[in-house]
Amino acid sequence: MEQLVSHGCCGDHRFEKPTQVLSEEHRVIERVLDVLERLAKRPVAESLGDWKKALDFFRHFADECHHHKEEKVLFPAMEAHGIPRDGGPIGVMLAEHEEGRSHVRAMIAAVEHLEGGNPSATEFLLSHAGAYLAMLREHIQKEDDILFRIADEVIPPDEQRELLKTFEEHETLEMGAGIHEKYLKLAEELEGQAE
20 MEQLVSHGCC
30 GDHRFEKPTQ
40 VLSEEHRVIE
50 RVLDVLERLA
60 KRPVAESLGD
70 WKKALDFFRH
80 FADECHHHKE
90 EKVLFPAMEA
100 HGIPRDGGPI
110 GVMLAEHEEG
120 RSHVRAMIAA
130 VEHLEGGNPS
140 ATEFLLSHAG
150 AYLAMLREHI
160 QKEDDILFRI
170 ADEVIPPDEQ
180 RELLKTFEEH
190 ETLEMGAGIH
200 EKYLKLAEEL
210 EGQAE
């Protein structure tokens, strides 16, 4: 198994652009999506602990860390350089972020019902897992292939370096020191258990 990046992405000096950091995080998210897909093919009642860990990863790493960088840092910089939010690619990405959050909340609720002894929540869980997998994989492809290329074209290099610093501040100050690494390790642990 290829080892995940074991440090905060933003402190890694091989990245010159914020889109490189975000793409690297996409690779980690995709690996946990693969874990989620494998979990959905197993008896759910026997793997609730792994479901909870995967959903914790999506809620904190994919959303609070990764999507925060896009929504609060990259997208506003793109808007400042003439890329519209409404009716443009940024608006589509924001809507899909909300759709993803809705699926994660639904899956968390389903797991809680299953833990409470309600087996009928299994179908609800698997339905939202399937929708989330399809949506997020397509979303990542759109960001990597379209949105990030636009960002690289419109944001000047000196401003991109400043955005990287803002990313790092978010990881260390807002998320907390070591949180990024915690979720990278959790991704590795989930991969190992799901194989």
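Count along the sequence shown starting at 1, add 19, and that's the number in this note's numbering. Note that beta-carbon positions come from the ideal geometry of N, C-alpha and C, so glycine has one too. Remember, predicted model here, so these are calculated numbers, not experimental data.
(message) Quick check: the stretch 60 to 71 against the stretch 113 to 131, are at least 3 beta-carbon pairs closer than 8 Å?
(response) Short answer: they touch.
(message) V47 and A206 - do their beta-carbons sit closer together than 8 Å?
(response) The residue you call residue 206 lines up with position 187 of the sequence shown. The residue you call residue 47 lines up with position 28 of the sequence shown. Result yes, Cβ atoms of A206 and V47 sit closer than 8 Å.
(message) Do A73 and L209 count as a contact pair if the criterion is CB distance below 8 Å?
(response) Translated into positions along the sequence shown, residue 209 becomes position 190. Translated into positions along the sequence shown, residue 73 becomes position 54. At the C-beta level, L209 and A73 come within 8 Å of one another.
(request) Please say whether L133 and L144 have beta carbons closer to each other than 8 Å? (result) What you label residue 144 is simply residue 125 of the sequence shown in a count that begins at 1. What you label residue 133 is simply residue 114 of the sequence shown in a count that begins at 1. Cβ distance < 8 Å, so L144 and L133 count as in contact.
(request) Return the first residue and the last residue of the alpha helix (DSSP H) that H85 is part of. (result) As a working note, residue 85 is residue 66 in the sequence shown. Unbroken run through H85: none, as it is neither H nor E.
(message) Below 8 Å on the Cβ atoms is my contact criterion, and I expect P37 with L183 to pass it. Report the Cβ-Cβ distance as a whole number of Å.
(response) In the sequence shown, residue 37 corresponds to position 18, counting from 1. In the sequence shown, residue 183 corresponds to position 164, counting from 1. P37 to L183, Cβ: 6 Å. Contact.
(request) Please report how far the alpha carbon of Y151 lies from the alpha carbon of R57, in whole angstroms. (result) In the sequence shown, the residue the question calls residue 151 occupies position 132. In the sequence shown, the residue the question calls residue 57 occupies position 38. If you take the alpha carbons of Y151 and R57, they lie about 14 Å apart.
(message) Once DSSP output is grouped into helix, strand and coil, what is the label at I102?
(response) In the sequence shown, residue 102 corresponds to position 83, counting from 1. I102 falls in the coil class under three-state DSSP.
(request) Find out if the Cβ-Cβ distance for the pair M97, I169 is shorter than 8 Å. (result) Mapped onto the sequence shown, residue 97 falls at position 78. Mapped onto the sequence shown, residue 169 falls at position 150. The answer is yes: Cβ separation under 8 Å.
(message) If I follow the unbroken alpha helix (DSSP H) through F167, where does it start and stop?
(response) Here residue 167 refers to the residue found at position 148 of the sequence shown. F167 -> alpha helix (DSSP H) spans 167 to 173.
(message) If you reduce the DSSP assignment to three classes, tell me which class G136 lands in.
(response) For the purposes of this step, residue 136 is taken as the residue at position 117 of the sequence shown. Reduced to three states, the DSSP call for G136 is coil.
(message) I need the DSSP call for E35, collapsed to helix, strand or coil.
(response) Counting from 1 along the sequence shown, the entry for residue 35 is found at position 16. If DSSP states are grouped into helix, strand and coil, E35 belongs with coil.
(message) Please confirm whether G135 has its beta-carbon closer than 8 Å to some beta-carbon of chain D.
(response) No chain D is part of this structure, which consists of one protein chain only.
(request) Please say whether H116 and E90 have beta carbons closer to each other than 8 Å? (result) On the sequence shown, residue 90 is found 71 positions in, with the first residue counted as 1. On the sequence shown, residue 116 is found 97 positions in, with the first residue counted as 1. Yes. Within cutoff.
(message) Please state the DSSP three-state secondary structure of A196.
(response) Numbered from 1 along the sequence shown, position 177 holds the residue referred to as residue 196. Here A196 sits in coil by DSSP.
(message) Quick check: E190 and C84, are their CB atoms within less than 8 Å of each other?
(response) The count along the sequence shown starts at 1 and reaches residue 190 at position 171. The count along the sequence shown starts at 1 and reaches residue 84 at position 65. Contact flag set, yes.
(request) Put A59 into one of helix, strand or coil per three-state DSSP. (result) What you label residue 59 is simply residue 40 of the sequence shown in a count that begins at 1. Three-state result, A59: coil.
(request) Inspect the beta-carbon positions of G119 and A59 and report whether they are closer than 8 Å. (result) Here residue 119 refers to the residue found at position 100 of the sequence shown. Here residue 59 refers to the residue found at position 40 of the sequence shown. Not closer than 8 Å, so no.
(request) Look at the alpha carbon of P108 and the alpha carbon of P95, and state the distance between them as a whole number of angstroms. (result) Residue mapping note: residue 108 aligns to position 89 of the sequence shown, counting from 1. Residue mapping note: residue 95 aligns to position 76 of the sequence shown, counting from 1. Their Cα atoms are separated by approximately 13 Å.
(message) What does the alpha-carbon distance come out to for the pair D171 and G197?
(response) To locate residue 171, count along the sequence shown from 1; it is residue 152. To locate residue 197, count along the sequence shown from 1; it is residue 178. Distance between the alpha carbons of D171 and G197 is about 28 Å.
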